[in-house]
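Enquirer: Sharing a structure here in structure tokens format.
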Amino acid sequence: MRADPGPPRSSQSGQATMEFALMMPFFALMLLAVVQVGLLVRARVLVTHAAREAVRSAAVGVSDGEVRSAAIAAADLDPRRLAVSVRRVDGKATVQLLYAEPTDVPLVGPLVGDVVFEARATMRLE
261 MRADPGPPRS SQSGQATMEF ALMMPFFALM LLAVVQVGLL VRARVLVTHA
311 AREAVRSAAV GVSDGEVRSA AIAAADLDPR RLAVSVRRVD GKATVQLLYA
361 EPTDVPLVGP LVGDVVFEAR ATMRLE
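Counting along the sequence shown from 1, when you hit position 68 you're at 328 in this note's numbering, and nothing is skipped either side.
The structure is reproduced here in structure tokens:
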């Protein structure tokens with residue numbers, strides 16, 4: 261007795277494997293791009309939060325160095341990439357932050373380069 265050989269084999273038996281192999285780098289690149297965008301959104305939120313915390317410190321009259329320290333402590337940002345500007349004019353404190361977020365995700369990061377985020381917050385002096 262012979263086993264049933266099944267349907268006849270065609271010349272396209274490895275086609276799905278080849279299509280997958282050809283498309284996999286594209287899907288991997290898209291996944292890495294999504295990860296990079298997520299990291300950039302996170303950095304944007306952190307810079308905004310840091311500016312708000314820093315202006316709260318500036319509004320109570322602490323020194324510019326302490327305002328910078330408050331911005332650094334408020335967010336998980338690299339202090340070497342953070343520029344803090346403090347102005348106190350007409351009874352208002354304004355803090356401006358500039359942060360250069362590195363794009364470190366493999367394959368995608370070198371294509372984009374560093375992204376600079378700016379956040380500004382103003383509060384009445386106490």
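We treat Cβ as the ideally placed atom computed from N, Cα and C, and that holds for glycine.
Please state the DSSP three-state secondary structure of VAL379.
Expert: Inspection of the sequence shows that residue 379 is occupied by Ala rather than by Val. Looking at ALA379 - three-state DSSP - the assignment turns out to be strand.
Enquirer: Considering only the alpha carbon of each residue, which of ALA303, PRO285 and PHE280 lies closest to GLU361?
Expert: Nearest option by C-alpha distance: ALA303.
Enquirer: Could you give the first and the last residue of the continuous alpha helix (DSSP H) run that contains LEU385?
Expert: That residue, LEU385, is in no alpha helix (DSSP H); it is neither H nor E in DSSP.
Enquirer: Under the DSSP definition of a beta bridge, which residues are partnered with LEU342?
Expert: According to DSSP, which records beta bridges pairwise, LEU342 is partnered with TYR359.
Enquirer: Assuming ALA318 contacts ARG348 (C-beta within less than 8 Å), just tell me the rounded distance between them.
Expert: About 7 Å separates the two Cβ atoms, so the contact holds.
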